[in-house]
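Quick note on numbering: our numbering labels position 133 of the sequence shown as 491, and the sequence is numbered without any gaps.
The beta carbon of each residue, even a glycine, is placed where N, CA and C say it ideally should be.
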Amino acid sequence: MTQILAFGEPLAEFNQTRPDSAAWQLGYGGDTSNFCIAAARQGAEAGYIGAVGEDRFGDGLRQLWEAEQVEHTHVVTDEQAPTGVYFVSHDASGHHFDYLRAGSAASRYAPDRLPRRAIASARALHLSGISLAISQSACDAGLAAMEEARAAGVMVSFDTNLRLRLWPLARARAVMREALRMCEVCLPSWDDVTALLDCDDRDFIVDTLLGYGVELIALKMGAQGCYVATLHQRTLVPAYAVEAVDATGAGDCFGGAFVARLVAGDDAVAAARYANVAAALSTTGYGAVASIPHAAAVYGALEKYACAS
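Right, here's the structure in full:
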């Protein structure tokens, strides 16, 4: 039985190796794939649900998952559509994304392809706003997967990951409101959730999400750390300071590490402390996957982190 499953769109990644450079490094990403790899590197049994094209990039993703021990038998190969691609460029203001994903294999995924038995037997199912934004059929599949998981008592985690290039804000708000009502664990980023709720009051945001029925919130607040909230407790868990060079995938790394530790039995604050360190370490190298730390590196940094807390 796979402990943690994630649904979404895996992508080939071309990451600019330094600002203004003509050199690009080939890698692989996609927020929920990054999440799975992060969970696997922390020792969880992780698996992916989605689709890739019958192309070099689809083969590369399968090779990556195989190497990372991420189960991928529930990833279908679409012979009629390509694997999506994205580019990460860098300048003084940070990192920027450009996508070639219209009509991708993952965007053609539909509810009838869902591995419902695998979902019902997992410990956790993870999705993101991007999982629901890439197409109507993928959105339907994602919501159906969440419904299947909740009916079976499987923990559902959801990262808002708002991408307004993919859908208008009004639709994002409506669909994510429905998703939030079916999720137990919410992992929003500050910029996403303030736009979705049109509010920058931390506790009002938490109150609103709890009002939808979310049981546990880990609000990612960048340099301020992570705000962990339930109906009965709210704790600001400080960030772990590093010299960051590329924040690509840091939120995905946080999510994978956080859910992996929840599944392993940690309480929410301990899981957030661990995930803060994992996410921070992931920003010290380039690319969404290459810099995701393994558990040994995270544990090696936790003592220093505890002193800073």
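The Cβ neighbour count for threonine 518, taken over all protein chains shown within 10 Å, is at least 16; the residue is labelled buried.
The closest CA to that of glycine 613, considering only Gly461, Pro546, Cys497, Ser495, is found on Pro546. In this structure, arginine 619 sits away from alanine 608, with a CB-CB distance that is not shorter than 8 Å. Comparing alpha-carbon positions, the option among Val543, Ala450, Leu524, Arg466 lying closest to alanine 482 turns out to be Val543. For glutamate 426, the secondary structure class from DSSP, reduced to helix, strand or coil, is coil.
Contact annotation: arginine 471 and proline 651 have beta-carbon atoms that are not nearer than 8 Å.
For the set Phe393, Gln374, Ala476, the Cα lying nearest the Cα of leucine 384 is the one of Gln374. Counting only runs of 4 or more residues that sit fully inside the region 541 to 629, the alpha helix (DSSP H) segments are 548 to 555, 560 to 569, 608 to 622, in chain order. The region 503 to 518 makes no contact with the region 438 to 451, as fewer than three CB pairs between them are under 8 Å. Annotated three-state conformation of aspartate 417 is helix, per DSSP. Annotation: alanine 370 to isoleucine 407 spans about 16 Å, alpha carbon to alpha carbon. Under the three-state reduction of DSSP output, glycine 658 falls in the helix class. Alanine 653 sits away from glycine 366, with the two beta carbons spaced by 8 Å or more. Assigned with DSSP and collapsed to three states, isoleucine 362 falls in strand.
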